[in-house]
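Participant:
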Amino acid sequence: MINLPSADQTAKGEFFALHESNFRAWGDDGYYATTNFLTYGISARVEAAFTVYNLGAPVADNRALGVGYKASLPVQHLAPVIPDFTLTFGQMGIVGLDGGGGLWTYGHLSGRVPGLGTRIAAGASAGPEVLFGAEDKAHFIAFVEHPLPAHFFLVAEWFSGEHAYGDLVPGITWRHGGVVAVLGYKISNAPGSSTDGMVVEVGTTFRLWH
Numbered sequence: 483m484i485n486l487p488s489a490d491q492t493a494k495g496e497f498f499a500l501h502e503s504n505f506r507a508w509g510d511d512g513y514y515a516t517t518n519f520l521t522y523g524i525s526a527r528v529e530a531a532f533t534v535y536n537l538g539a540p541v542a543d544n545r546a547l548g549v550g551y552k553a554s555l556p557v558q559h560l561a562p563v564i565p566d567f568t569l570t571f572g573q574m575g576i577v578g579l580d581g582g583g584g585l586w587t588y589g590h591l592s593g594r595v596p597g598l599g600t601r602i603a604a605g606a607s608a609g610p611e612v613l614f615g616a617e618d619k620a621h622f623i624a625f626v627e628h629p630l631p632a633h634f635f636l637v638a639e640w641f642s643g644e645h646a647y648g649d650l651v652p653g654i655t656w657r658h659g660g661v662v663a664v665l666g667y668k669i670s671n672a673p674g675s676s677t678d679g680m681v682v683e684v685g686t687t688f689r690l691w692h
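Following this line, the structure appears as structure tokens:
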């Protein structure tokens, strides 16, 4: 997944670090922004998360720090019907670098289409203005991922509403050996928005001790 919290968990005792750049290098309303994630697997089902959001130029109003957790729980009795059927939920305490704060809460259900391996996720999210750049409100979240040869995946994710994350992001990812790379294009829910632009991510899993 891209900005949507993933159903995949960081393994117990491992770290996962990811850098995201999104940018618009054309027109008079160009921009560059980065978000950086670090997670740590507390157990097989729970990870701790630390994130620095929206640093870049021009300076954004929703620069923030986030600390929280994410949990993924398999729904075992549906697994024979829907492979990898999983409930994922979490919370991030948000502190704005320019003041303010709040709590981002999210959750979704995901599973794979039998015979195709396509993973679909759908759920809801609610977060503070200091992160989303709009009044506190809930929104729908959704994701589709289809496997391709050579460790590639076609992906698309969507946050409903008109806010800093209110967009559709289609793209392609590559995952292998604990490394992930993402290339996507952000299409704002507000037609013609100056926030439309490219999304590039690179991440890796690692251990500091055994």
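Just so we're on the same page, the numbering used here is the position in the sequence shown counted from 1, plus 482. Just so you know, even glycine gets a beta-carbon here, dropped at the ideal spot from N, CA and C. Just so it is clear, the structure is predicted and the values come from calculations on it, not from any experiment.
Could you give the residue range of the beta strand (DSSP E) that holds Leu555?
Facilitator: It spans Ala546 to Pro556 - the beta strand (DSSP E) in which Leu555 sits, taken as one unbroken run.
Participant: How far does the beta strand (DSSP E) with Phe532 in it extend, from its first residue to its last?
Facilitator: First-last of the beta strand (DSSP E) with Phe532: Val528 to Ala539.
Participant: Relative to the C-alpha of Glu644, which candidate in Pro652, Ile669 and Asp566 has its C-alpha closest?
Facilitator: For Glu644, the nearest C-alpha among the options comes from Ile669.
Participant: Excluding five sequence neighbours on each side, which residues of the same chain lie with their C-beta closer than 6 Å to the C-beta of Ile524?
Facilitator: Here the set comprises Ala530.
Participant: Could you round the C-beta distance between Trp640 and Ala624 to whole angstroms and report it? I think they count as a contact, below 8 Å.
Facilitator: At roughly 5 Å, the Cβ-Cβ gap stays under 8 Å, so Trp640 and Ala624 are in contact.
Participant: Which residues mark the beginning and the end of the alpha helix (DSSP H) in which Val595 is found?
Facilitator: Note, Val595: premise wrong, no alpha helix (DSSP H); not H, not E.
Participant: Specify whether the region 569 to 589 and the region 541 to 552 touch according to this definition: at least 3 beta carbon pairs, one from each stretch, less than 8 Å apart.
Facilitator: With the cut-off at 8 Å, the region 569 to 589 and the region 541 to 552 touch.
Participant: Have a look at Arg594 and Leu555 and give me their C-alpha separation to the nearest angstrom.
Facilitator: Straight-line Cα distance between these residues: approximately 15 Å.
Participant: Which runs of the beta strand (DSSP E), 3 residues or longer, sit entirely within the region 592 to 640?
Facilitator: As far as the region 592 to 640 is concerned, its whole beta strand (DSSP E) runs of at least 3 residues are 601 to 609 and 619 to 629.
Participant: Whose C-beta lies closer than 6 Å to the C-beta of Trp656 among residues of the same chain, with five residues either side of it excluded?
Facilitator: Counting only Cβ-Cβ distances below 6 Å, and skipping sequence neighbours, we find His633, Phe634 and Ala663.
Participant: Indicate the three-state DSSP secondary structure (helix, strand or coil) for His559 in the structure shown.
Facilitator: Helix at His559.
Participant: Could you give the first and the last residue of the continuous beta strand (DSSP E) run that contains Ala701?
Facilitator: Lying outside 483 to 692, the shown extent of the chain, residue 701 is not represented and no answer is given.
Participant: Buried or exposed: which applies to Pro487, given that a residue is buried once 16 or more other Cβ atoms fall within 10 Å of its Cβ?
Facilitator: The residue in question, Pro487, is buried, as its Cβ has 16 or more Cβ neighbours within 10 Å.
Participant: For the beta strand (DSSP E) holding Ser670, just list the boundary residues, first then last.
Facilitator: Val661 to Ser670 is the extent of the beta strand (DSSP E) around Ser670.
Participant: Within a Cβ cutoff of 6 Å, which residues of the same chain sit near Ala672, ignoring the five residues on either side of it in sequence?
Facilitator: Same-chain partners within the cutoff: Glu644.
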